[in-house]
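What follows is a single structure, written as structure tokens, with notes after it.
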Amino acid sequence: MDIGSQLLQGFAAAGTPINLLWAFVGCALGTAIGVLPGIGPAVTVAMLLPITGQVDPASSMIFFCGIYYGAMYGGSTTSILLNTPGETGTMVTALEGFKMAKSGRAGAALATSAIGSFVAGTIATVLVTLFAPVVAQHAVKLGPPEYFMLMVLAFTTVSAVLGSSALRGVTALFVGLAIGLVGLDQISGQVRYTGGIPEFMDGIEVVLVAVGLFAVGECLYTALYEGRAETQMNRMNRVHMTRAEWRRSWPAWLRGTALGFPFGTIPAGGTEIPTFLSYGVERKLSRHKEEFGTTGAIEGVAGPEAANNAAVTATLVPLLTLGIPTSVTAAIMLSAFQNYGINPGPQLFQTNATLVWALIASLYIGNVMLLVLNLPLVGLWVKLLAIPRPPLYAGILIFATIGVYGMRQSTFDLFVMLGIGLLGVLMRRFGFPTAPVIVGMILGPLAEAQLRNAISIGEGHWTVFLERPVSALLLAVVVAVLVLPRLIGLLAARRSA
């Protein structure tokens, strides 16, 4: 069956009334989450993971995807009006968007952000439709050595490359790997690292760790260190663009899409890198350089917004075809798949074709919904910014507690969640990234299984990773990722000296 026929079947599945309702609720909730500062899609999806026990896979994954890319749309609103990014991918948007708002052009900034997100999201969805099946066909040929090295590459890029300290990133990764090892060994059945606590026999639930680190940790950290911060919002005018602003925006949308999509398909930490690159490109190519950093340049909003939405959509390619998450939210979505007993990978397009194509079709539907939600209704979302922080975060804590307790009706789970939340506060306070913990916890057991299988294939010899061309190439990439940045830094230091 060709791609067109499969996509039509996907639209038939995604277009049912119940799935359309889940898509709309996800998009609306994602937009609201993006607007509210400090609450991202990872927190929201983590808190809502317990619904996987009650809702069918297609509906819940459509819902989670709506939250994910809806947050990218909504995050630009606070960046432009408050200079406070609602999501990390919209940090760059604040550089020029806030200055545009201060100079009375908030409407133009919001318009180019919403339309650029729609354009980039639609183009990226078309690319996912065309390339994901091709990647899946080739991924079938990969064996355990190649999959293990892919996971090592994911560990390396998420922990050692991003953030202010490679040591802190690797430390956070090992915390996640250690949590993932708790419980029964997958192959031998040996009990590991339970400390004699029966509740740990089945391992530590990803939901507990995700909700503890992101929801509870974020709320406690905000209450302790950021609760007294006051912000002042710019006035919002009519959301529209002039002809000149349209002419300046559309090339930036296309360039941002071209930069964002490739970064979304690799384990490079999400949307931050392509948005910064897009901003740099637009600043260099613009004919209105005098507006950058002063009155605000519309290209500096259009390009990064397109880049972050293209990157978010592109995360579905490695997630569905390889089972490799390239962002924190994608890692939590991988956990949602696993809750259903579904392991994303090259076989997913054969074993769960209806689910895959319904999910891809929902991206087209969701982009249209988000454009409608964010252009004419932007004034409604702005009113969310009037919600006081204390009751907002108190509500998040209550919702997180109910969700975690509802999984197994276990008070022990609540204590574990609170303990992990305190760990999240300490990690945030001392600059340890939390993303490697989740990636290590979810991919750790899978990497262990692939490593064992690879060593068995090599009859106990570690050289199996060098004998197979693809795994050897991936190993070389891992070494390059670890070594090259430090070599470049040393050379730069010598030249400056």
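So for the sequence shown, this note's numbering puts the first residue at 76; every next one is plus one. C-beta atoms are modelled at their ideal positions from N, C-alpha and C, and glycine is treated no differently.
Would you mind reading off the limits of the alpha helix (DSSP H) that contains residue i?
i	result
Met25	Residue 25 is absent from the structure shown; the chain starts at 76 and stops at 572.
Pro219	219–231
Arg503	486–504
Tyr296	292–296
Gln425	423–426
Met408	403–414
Pro520	510–532
Thr127	Element bounds for Thr127: n/a, residue is neither H nor E.
Tyr468	464–483
Asn383	374–389
Pro419	Looking at the DSSP string, Pro419 is not in any alpha helix (DSSP H), and its letter there is neither H nor E.
Thr187	181–214
Leu288	Careful: Leu288 lies outside any alpha helix (DSSP H) and carries neither H nor E.
Phe540	539–542
I need the DSSP call for residue i, collapsed to helix, strand or coil.
i	result
Arg362	coil
Gly145	helix
Gly368	coil
Gly271	coil
Gly258	strand
Val266	strand
Lys458	helix
Ile399	coil
His315	coil
Leu434	helix
Val586	Because the chain here runs from 76 to 572, residue 586 falls outside it and cannot be looked at.
Leu329	helix
Met444	helix
Gly150	helix
Thr91	coil
Arg570	helix
Thr246	helix
Ile155	helix
Gly339	helix
Asp452	Checking the sequence shown, residue 452 turns out to be Leu, not Asp. Note: Leu452 maps to coil in three-state DSSP.
Met276	coil
Trp321	helix
Gly251	helix
Gly27	This structure cannot speak to residue 27, because the chain is shown only from 76 to 572.
Ser240	coil
What do you get for residue i, buried or exposed, if any count of 16 or more other CB atoms within 10 angstroms of its CB means buried?
i	result
Ala207	buried
Tyr300	exposed
Ile462	exposed
Thr538	exposed
Ala555	exposed
Val558	exposed
Phe490	exposed
Tyr222	buried
Leu566	exposed
Gly101	buried
Val431	buried
Glu542	exposed
Asp260	exposed
Tyr268	exposed
Ile477	exposed
Glu534	exposed
Glu365	exposed
Val500	buried
Val209	exposed
Using 8 Å as the limit for Cβ to Cβ distance, is residue i near chain C?
i	result
Glu380	No chain C is present in this structure, which holds just one protein chain.
Just confirm the distance between the C-beta atoms of residue i and residue j, as a whole number of angstroms; I'd bet it's less than 8 Å.
i	j	result
Ser192	Thr168	Their Cβ separation, rounded to whole angstroms, is 10 Å, which puts Ser192 and Thr168 out of contact at 8 Å.
Ala89	Ile137	6 Å
Thr153	Val110	6 Å
Phe474	Met122	6 Å
Met516	Gly128	That belief does not hold up - the Cβ atoms of Met516 and Gly128 are roughly 20 Å apart, past 8 Å.
Val284	Leu493	Not really, about 12 Å apart at Cβ, beyond 8 Å.
Met573	Val120	Here the chain has residues from 76 to 572 only, and residue 573 is not among them.
Thr332	Val392	14 Å between Cβ atoms; not a contact.
Ala214	Pro400	Going by Cβ atoms, the distance from Ala214 to Pro400 rounds to 15 Å, so no, they are not a contact pair.
Pro273	Ala529	So it is not a contact: roughly 33 Å between Cβ atoms.
Ile440	Thr204	Contact doesn't hold; Cβ gap of about 13 Å is too wide.
Gly610	Gly105	The chain is shown only over 76 to 572; residue 610 falls outside these bounds and no answer can be derived.
Compute every distance between the C-beta of residue i and the non-hydrogen atoms of the ligand HEM, then say whether any falls below 7 Å.
i	result
Ser178	As for the ligand HEM, it is missing from this structure, which has no ligand bound.
Worksheet item: Counting pairs of Cβ atoms below 8 Å between the region 130–145 and the region 382–400, do you hit three or more?
Response: A contact exists between the region 130–145 and the region 382–400.
Worksheet item: So does the region 320–328 actually touch the region 376–383, counting three or more Cβ pairs closer than 8 Å?
Response: yes
Worksheet item: With a cut-off of 8 Å, do at least 3 Cβ pairs link the region 119–138 to the region 172–186?
Response: Touching, no.
Worksheet item: On the three-pair Cβ rule with 8 Å, is the region 182–199 touching the region 362–373?
Response: yes
Worksheet entry | Sufficient close CB pairs (3 or more, under 8 Å) joining the region 540–547 to the region 271–285 | no
Worksheet item: Using 8 Å as the threshold, is the region 82–96 in touch with the region 437–445, meaning 3 or more CB pairs across them?
Response: The region 82–96 is in contact with the region 437–445.
Worksheet item: Do the region 509–523 and the region 242–256 meet, that is, are 3 or more Cβ pairs less than 8 Å apart?
Response: Segment contact: the region 509–523 against the region 242–256, three or more CB-CB distances shorter than 8 Å; contact assigned.
Practice prompt. Kindly confirm or deny that the region 222–230 and the region 354–371 touch, where touching means at least three C-beta pairs closer than 8 Å.
Written response: no
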